[in-house]
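Trainee: Numbering (this note's numbering), first residue to last: 232 to 565. The structure's right below; bear with me while I get my questions together.
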Ligand code: S3P
């Protein structure tokens, strides 16, 4: 499969693309580099000597060549989706992910980078740059939105963005629940917990999504703050073809589901597109076994009353010990 990354200059297509390729075991290609190779000169020189129309022609040719690449992540130039038929071509030949960013994030990244490489913004002062990004993004948004997938990038690390796209690609490749492996989380994977923490917050379908910054609220962040360093922190993950699609973790803390000092609180989260396949149940079972083996006597959790996971917890033997306006606190003795 070819995975195309699209989005405005400065949204992180190249850095996310390189990491994503590594995570998936894919090759990496960048259409700007392919254009430069084809023309035998840099982008700034193409714009200056041959004009933007010539650049767009080569860009389109290069795009057509990418269709023959297999198992490759292709980062595309920011203007690629605006060429006639280009997004449609990408959607037909691979999975297209639009890395959606706010004007503020884009400008911040562009100011931190080397502007001389980018002829569209090379001569602009800071204020002009903001204005250029604001108006051009508004004009292009409709083209970007034609990508099959949109990934919200604001407030997220490359690591989180890569994890979301990788999970989606693994699912498109037809990974089934039978190929899911559960295992302890590795130390280098701990940053992923921020992603899973956000997904663990119950949100009503169709409601306005909570901002990702909600996880930084101290009472929420406490579920993962310095995870792995406190005694009793335990986390298991579900992996499909090398991609982590779910996590269940437990920690001794005074959170929303606190019952007793010696009963850790449990949290579980499965990537949206991997839900409904029994992965959450497998993760919780695995976590409970690990806790029991470690001498733990019981666990507790808090869950929104509308969250279908309530049923899963009941099936696993959890019972309600406390109830308030928003939900239940449930426990299970091991
Ligand atoms: C362009 C974006 C650039 C490059 C060219 C034009 C654009 O790619 O293709 O300078 O029109 O937005 P990056 O998005 O990789 O900077």
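The beta carbon of each residue, even a glycine, is placed where N, CA and C say it ideally should be.
(1) Please confirm whether residue 424 and residue 479 have their CB atoms less than 8 angstroms apart.
(2) State yes or no: is the C-beta of residue 332 within less than 8 angstroms of the C-beta of residue 399?
(3) Does DSSP classify residue 261 as helix, strand or coil?
(4) For residue 334, I'd like the list of residues in its chain whose CB is within less than 8 angstroms of its CB, leaving aside the five on either flank, ordered along the chain.
(5) What would DSSP say about residue 407, mapped onto helix, strand or coil?
(6) Quick one: does residue 255 have its CB under 8 angstroms from some CB of chain C?
(7) Is the beta carbon of residue 404 less than 8 angstroms from the beta carbon of residue 543?
(8) Count the other CB atoms within 10 Å of the CB of residue 520; is the residue buried (16 or more) or exposed (fewer)?
(9) Within 10 Å of its beta-carbon, does residue 533 have 16 or more other beta-carbons around it, so buried, or fewer, so exposed?
(10) Measuring from the CB of residue 365, is there a heavy atom of ligand 1 at a distance below 7 angstroms?
(11) Taking the C-alpha atoms as reference points, what is the distance between residue 499 and residue 427?
(12) Relative to the C-alpha of residue 432, which residue among 353, 503, 337 and 286 is closest?
(13) Where does residue 415 land, buried or exposed, given buried means 16+ other C-beta within 10 angstroms?
(14) Can you grab the Cα-Cα spacing for the pair residue 298 / residue 557, in whole Å?
(15) Between residue 310 and ligand 1, is the CB less than 7 angstroms from at least one heavy atom?
(16) Out of 240, 275 and 235, which has the shortest C-alpha to C-alpha gap to residue 296?
(17) What number of angstroms, rounded off, separates the C-alpha of residue 302 from the C-alpha of residue 349?
Mentor: This is what the structure holds:
(1) no
(2) no
(3) strand
(4) 361, 364, 365 and 368
(5) With a pLDDT of 48 at residue 407, under the threshold of 50, the modelled position of this residue cannot be trusted, and the question is left open.
(6) This model lacks chain C altogether; it includes just one protein chain.
(7) no
(8) With fewer than 16 Cβ atoms within 10 Å of its Cβ, residue 520 is classed as exposed.
(9) In summary, residue 533 is buried, with 16 or more beta-carbon neighbours lying within 10 Å of its beta-carbon over all protein chains present.
(10) Residue 365: no, Cβ never under 7 angstroms from ligand 1.
(11) 8 angstroms
(12) 503
(13) exposed
(14) 50 angstroms
(15) yes
(16) 235
(17) 28 angstroms
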